[in-house]
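Trainee: Have a look at this one.
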Amino acid sequence: MNEIMNNQSSTAATLRDNAGVAEVLGRSYSAGFTTEIEMTGLPPGLDEGTVRAISAIKHEPEWMTEWRLEAYRHWLTMPKPDWAKLNIDPIDYQAISYYAAPKVAPKSLAEVDPALLETYEKLGVPLHERAALAGVAVDAVFDSVSVGTTFRKQLAEAGVLFCSMSEAIREYPDIVRKYLGSVVPTGDNFFAALNSAVFSDGSFVFIPRGVRCPMELSTYFRINAQNTGQFERTLIVAEEGAHVSYLEGCTAPKRDENQLHAAVVELVALEKAQIKYSTVQNWYPGDENGVGGIYNFVTKRGDCRGDDSKISWTQVETGSAITWKYPSVVLRGDRSVGEFYSVALTHHFQQADTGTKMIHLGKYTKSKIVSKGISAGRSSNSYRGLVKMEKGAEGARNYTQCDSLLIGKKCGAHTFPYMEVKNPTAIVEHEATTSKISDDQMFYCRARGIPEEDAVSMIVDGFCKQVFRELPMEFAVEAKKLLEVSLEGAVG
Amino acid sequence: MSQPASLPLVASLLDAPLPASGIAWLDASRRENRAAFAAGGLPDARVEAWKYTALRGLGQRSFAGGDAAAATRVVDAAAFALPGVDGPRLVFVNGVFRADLSASDALPDGLSLQPLSQALRGDAEPLRFALSRPALVGHVREAADAFVRINAASAGDGVVLRVAARAQISAPVHLVFVGAAAEAELAWHARNVIELGEGASLSLVEHYVSSGEQAQLATLVSDIELREGARLHHTVLQNAALGANLIRRSGLRLHARAQALLHVLELGGALVRHDLQAELIGDEAQLHTRGAFMPHGRQHVDTQLAIRHQALNTTSTSNWRGVANDRARGVFRGAIVVAPGADGSDASLNNKNLLLSPTAEIDTKPELEIYADEVKAAHGATVGQLDERSLFYLRSRGIPLTEARALLTAAFCRAVLDDLPNKALREHLSGLLIAQLPA
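Residue numbers (numbering that gives the first Met the number 0), protein chains in the order written: chain A, 0 to 491; chain B, 0 to 438.
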């Protein structure tokens with residue numbers, strides 16, 4: 000701790016000294032508690048037996064088991080990706096338990112273990128009555144299983160299907176079979192293959208033709224048990240003309256060892272459909288010495304299958320020891336629109352390699368990328384993006400803006416945009432800047448009596464405004480608070 | 000990596016005898032580099048630095064090593080005459096120095112200029128550091144450097160140029176590399192070592208031409224060192240024939256307060272690759288790069304620019320334009336690295352591209368890697384077509400569409416020549432640029 004404080008005080012040399020700041024040094028992770036409830040699970044290890052066991056526990060049909068096994072066999076042949084700008088300690092896939100669940104499976108929300116509900120209470124998830132107030136339907140995933148979905152009745156009246164993935168596989172096998180793996184195939188990449196083999200639960204959303212989802216849908220993920228990995232799988236299908244806004248939040252308790260999180264999210268938008276997907280990711284980032292934290296290796300992809308469809312990703316990434324995540328949009332339908340708004344903050348020893356891919360296939364497709372990276376401490380924060388204009392992308396348009404903000408002398412901020420253009424009528428524009436909070440800005444704030452910490456937080460907030468504007472209101476407030484907490488001790 | 004020895008290109012390059020120098024350290028270094036090339040083979044698309052430049056086609060070809068008749072090949076001196084470039088000149092034909100075509104007798108004071116083959120016959124010791132340095136300097140993955148290795152093994156000639164401290168050389172030095180048609184398809188190599196002493200200044204023109212359309216493979220590796228306060232104006236004109244495969248690597252090191260201004264024009268060649276790795280290792284060093292690549296037909300032109308800011312208050316600006324037509328492909332990577340502690344760095348890079356045909360392709364990748372916080376770094380890249388409003392403006396004034404297009408495209412490319420100090424050369428180069436544009 001002393002060493003850390005010394006480092007931080009040396010970074011302060013460029014800014015003005017402030018005795019008060021020393022008090023708030025050290026970061027607090029308020030979601031870092033564990034919940035004592037009886038857990039059942041599989042012992043650590045991974046082989047075909049594990050895959051079959053997971054499938055059996057979930058009473059899955061034969062085709063699903065086969066689907067998983069095929070993914071597992073493919074995974075065995077795949078090399079681990081090493082192209083990202085990340086230092087990852089080797090992961091022992093045999094030391095992870097691939098399934099953990101509360102011992103007594105809840106039958107309804109009323110039966111959910113009160114200790115569990117308390118956990119969500121602490122996290123501020125509006126699961127119960129609070130959900131009604133907030134007007135948000137929540138599917139909460141605790142370690143590997145979904146513990147309850149609120150507002151099911153109201154949603155069912157509108158024709159919206161919102162349930163856990165395991166339920167969906169049992170109850171709506173035709174829809175699941177039609178769309179699962181159609182955006183992210185089982186062999187897409189190393190972590191997607193692993194997820195396809197062992198995914199335990201996740202959310203399933205189906206908005207039928209012409210329906211505008213009456214409320215915002217939300218999932219809260221939490222990793223609780225030790226030595227477990229969380230492999231959730233989310234599938235959202237919006238039929239012709241349907242609209243949905245979906246929110247996702249994540250936390251995990253403080254532990255010294257690294258935990259693996261390898262999720263897959265698939266979005267399908269048919270003609271004129273719109274999907275808005277927002278994430279606030281606050282997995283445990285490890286302590287200030289870089290010990291522990293979640294490895295967050297996520298594959299998220301949306302497919303604008305129909306003409307005039309739209310998929311929008313918004314993410315606020317403040318947690319995880321390592322983030323490897325590229326929410327993408329395949330713009331297949333003519334005039335379809337893809338958007339990506341991102342704030343990624345890294346502090347201490349966190350590493351993030353995140354960005355997006357916009358693959359333009361259809362005519363007059365449009366994409367917009369706004370990425371804001373903030374690095375502090377000794378962290379490393381990279382934007383990696385691909386904009387691809389295929390031959391058929393007549394009149395397609397992309398605009399990308401990537402800004403990085405550096406706080407401190409020992410962190411790194413990097414930008415790796417790839418642009419591949421095969422159509423002469425397409426337009427691609429990319430702009431990036433890197434800078435630190437300027438002395439002028441700080442001086443201006445300080446001269447008006449604003450303490451250093453508040454000034455930094457104001458400036459960072461302004462820097463991120465463009466992205467926060469895209470978040471639903473409750474999330475925007477949470478995101479802002481998260482940034483403040485995460486940046487504590489970054490200056491001074 | 001594919002099986003290195005099984006590729007005809009690798010086998011044919013390894014087949015050529017190593018040049019014998021009789022200098023123990025040099026011969027040892029050549030053998031080592033050849034062994035490293037044999038072991039590493041050619042980079043494939045999985046090697047990030049070669050992601051957009053596939054060597055599958057080139058790898059299947061064989062090239063004869065060296066040209067025994069290079070000394071007597073007829074080359075028309077008019078092929079490489081440039082207006083405004085009338086200083087000392089060294090000419091190499093198929094990698095071999097040609098005294099009869101060169102002009103290096105009356106050198107100005109402070110300039111030393113001779114072919115590598117001659118320099119090695121004299122006191123080779125000053126070249127030892129540059130020539131025996133391992134080709135790989137850290138951050139690039141091994142196979143990426145295949146051509147640097149085969150060059151280190153096989154290059155028997157090249158340029159050794161030194162400017163004494165404080166010498167101001169006013170007449171531009173002209174380095175000419177000619178690929179001449181021979182009995183067989185040839186591979187040749189050249190190695191250049193250039194150094195400007197403290198406070199020295201020089202203007203240099205590096206020039207690639209061909210006589211004949213025959214397929215060739217050439218590798219050229221240059222080390223350019225600018226000591227404290229040195230100034231270099233460096234212009235590269237690559238106007239080789241469409242059969243030429245040219246692979247170049249330039250390493251540029253700038254010491255304190257050194258300044259380099261570089262203009263690059265890539266016009267010819269079949270597969271052209273240029274790696275420019277610049278290191279700003281002294282405080283207040285400045286590097287300004289400008290370039291245009293204009294592939295047409297089936298040309299493939301790949302420029303890889305990597306600028307490392309390693310000292311205080313260093314500046315770099317880069318402005319590159321690409322125009323791809325027909326079935327051609329233009330590739331650009333512009334990486335800026337600001338090392339830890341390089342405070343006060345000011346780096347900007349911009350790459351604008353025009354795609355003129357539905358079968359052409361542009362791949363561009365500007366990169367920033369920043370490890371210091373007191374910096375200003377920005378980059379921008381665009382790919383698109385001519386501005387509709389500008390076209391409309393010209394047409395509304397009676398200029399036909401095709402002419403308006405040609406005018407705007409020419410202006411788009413010429414922007415990179417604006418700050419070329421040699422006026423006669425600038426006019427000549429912009430003429431070449433315009434001639435290259437589709438009518």
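The beta-carbon is built from N, C-alpha and C at its ideal position, and this holds for glycine as well. Since this is a predicted model, take the numbers as computed values, not measurements.
(1) Of all the CB atoms in chain B, is at least one closer than 9 Å to the CB of T364 (chain A)?
(2) Going by alpha carbons, who is nearest to I368 (chain A) out of A:L216, A:E487, A:C401?
(3) Roughly how many whole angstroms lie between the Cα atoms of R169 (chain A) and N188 (chain A)?
(4) Q309 (chain B) CB to nearest chain A CB: under 9 Å?
(5) Taking the alpha carbon of L259 (chain A) as the point to measure from, which residue in A:S163, A:Y171, A:W323 has its own alpha carbon closest?
(6) Just to confirm the assignment, what range does the beta strand (DSSP E) spanning C162 (chain A) have?
(7) What are the boundary residues of the beta strand (DSSP E) that N295 (chain A) is part of?
(8) S370 (chain A): buried (16+ other C-beta within 10 angstroms of its C-beta) or exposed?
(9) Using a C-beta to C-beta distance shorter than 9 Å, which residues of chain B count as neighbours of W282 (chain A)?
(10) Please specify which runs of the beta strand (DSSP E), each continuous and at least 3 residues long, are wholly inside the stretch 251-278 of chain B, giving them in chain order.
(11) Determine the direct distance from the alpha carbon of Y207 (chain B) to that of Q303 (chain B), and round the result to whole angstroms.
(12) Going by C-alpha to C-alpha distance, which of B:R248, B:A67, B:A405 sits closest to A183 (chain B)?
(13) Just to confirm the assignment: which complete beta strand (DSSP E) runs, minimum length 3, are found wholly within the stretch 264-292 of chain A?
(14) Give the secondary structure of G321 (chain B) by DSSP, where H, G and I count as helix, E and B as strand, and everything else as coil.
(15) Report buried or exposed for K299 (chain A), applying the criterion of at least 16 other Cβ atoms within 10 angstroms of its Cβ.
(16) Out of A:R51, A:S54, A:M457, state which residue places its alpha-carbon closest to the alpha-carbon of Y443 (chain A).
(17) In the structure shown, what three-state DSSP assignment does F391 (chain B) receive?
(18) I'd like to know if the stretch 391-399 of chain B and the stretch 296-310 of chain B are in contact, where contact means that at least 3 CB-CB pairs between them fall below 8 Å.
(19) Kindly indicate the opening and closing residues of the alpha helix (DSSP H) around W24 (chain B).
(20) By the criterion of Cβ-Cβ separation under 9 Å, what are the contact partners of L355 (chain B) in chain A?
(21) At a threshold of 8 Å, does L112 (chain B) count as lining the ligand GDP (C-beta to nearest heavy atom)?
(22) Leaving out five residues on either side along the sequence, give the residues of the same chain with a beta carbon under 6 Å from the beta carbon of L405 (chain A).
(23) Mind checking the stretch 378-404 of chain B against chain A and listing, in chain order, the residues whose C-beta falls within less than 8 Å of any C-beta there?
(24) Counting C-beta neighbours from all protein chains within 10 Å, is the total for V9 (chain B) 16 or more, i.e. buried, or is it exposed?
(25) Give the straight-line distance between the Cα atoms of S54 (chain A) and A34 (chain B), rounded to the nearest whole angstrom.
(26) Beta carbon of S315 (chain B), beta carbon of H287 (chain B): below 9 Å?
(27) Against chain B, does W66 (chain A) count as a neighbour if the rule is that its beta carbon must be under 9 Å from one of theirs?
(28) Give me the chain A residues within the contact set of V374 (chain B), using Cβ-Cβ distance strictly less than 9 Å, ordered along the chain.
(29) Determine the chain A residues that contact L367 (chain B) at a beta-carbon separation under 7 Å, and present them in chain order.
(30) Any residues in the stretch 293-322 of chain A with a beta carbon nearer than 7 Å to a beta carbon of chain B? Which ones, in chain order?
(31) Using a Cβ-Cβ cut-off of 6 Å (strictly less than) and excluding sequence neighbours within five positions of A63 (chain B), which residues of its own chain qualify?
(32) With DSSP run on the structure shown, which of helix, strand or coil describes R72 (chain A)?
(33) Could you confirm whether any beta carbon from chain B is found closer than 9 Å to the beta carbon of Y417 (chain A)?
(34) Can you tell me which residues form a DSSP beta bridge with V92 (chain B)?
(35) I need the boundaries of the beta strand (DSSP E) containing T233 (chain A), first residue and last residue.
(36) In terms of residue numbering, what span does the alpha helix (DSSP H) encompassing Q258 (chain A) cover?
Mentor: Working from what's here:
(1) no
(2) A:C401
(3) 27 Å
(4) With 9 Å as the cut-off, Q309 (chain B) does not count as an interface residue toward chain A.
(5) A:W323
(6) 160-163
(7) 292-303
(8) buried
(9) The contacting residues do not exist; W282 (chain A) stays about 25 Å from chain B at best.
(10) 258-265
(11) 18 Å
(12) Taking only the C-alpha atoms, the option nearest A183 (chain B) is B:A67.
(13) 273-280
(14) strand
(15) buried
(16) A:M457
(17) helix
(18) They do not touch, by the three-pair rule.
(19) 23-39
(20) P423
(21) With respect to the ligand GDP, the structure offers nothing, as it holds no ligand at all.
(22) S374, A412, K435
(23) The residues in question are H378, G379, A380, T381, V382, G383, Q384.
(24) Only buried fits V9 (chain B), as 16 or more other CB atoms lie within 10 angstroms of its CB.
(25) 53 Å
(26) yes
(27) No, W66 (chain A) lies away from the interface with chain B (no Cβ there is under 9 Å from its Cβ).
(28) L405, T433, S434, K435
(29) H413, T414, A431, T433
(30) Against chain B - using a Cβ distance shorter than 7 Å - the stretch 293-322 of chain A contributes no residues.
(31) A183, L185
(32) Looking at R72 (chain A) - three-state DSSP - the assignment turns out to be helix.
(33) yes
(34) Partner residues in the beta bridge of V92 (chain B), as assigned by DSSP, are B:V95, B:V177.
(35) T233 (chain A) -> beta strand (DSSP E) spans 232-237.
(36) Segment 257-260 is the beta strand (DSSP E) holding Q258 (chain A); no alpha helix (DSSP H) there.
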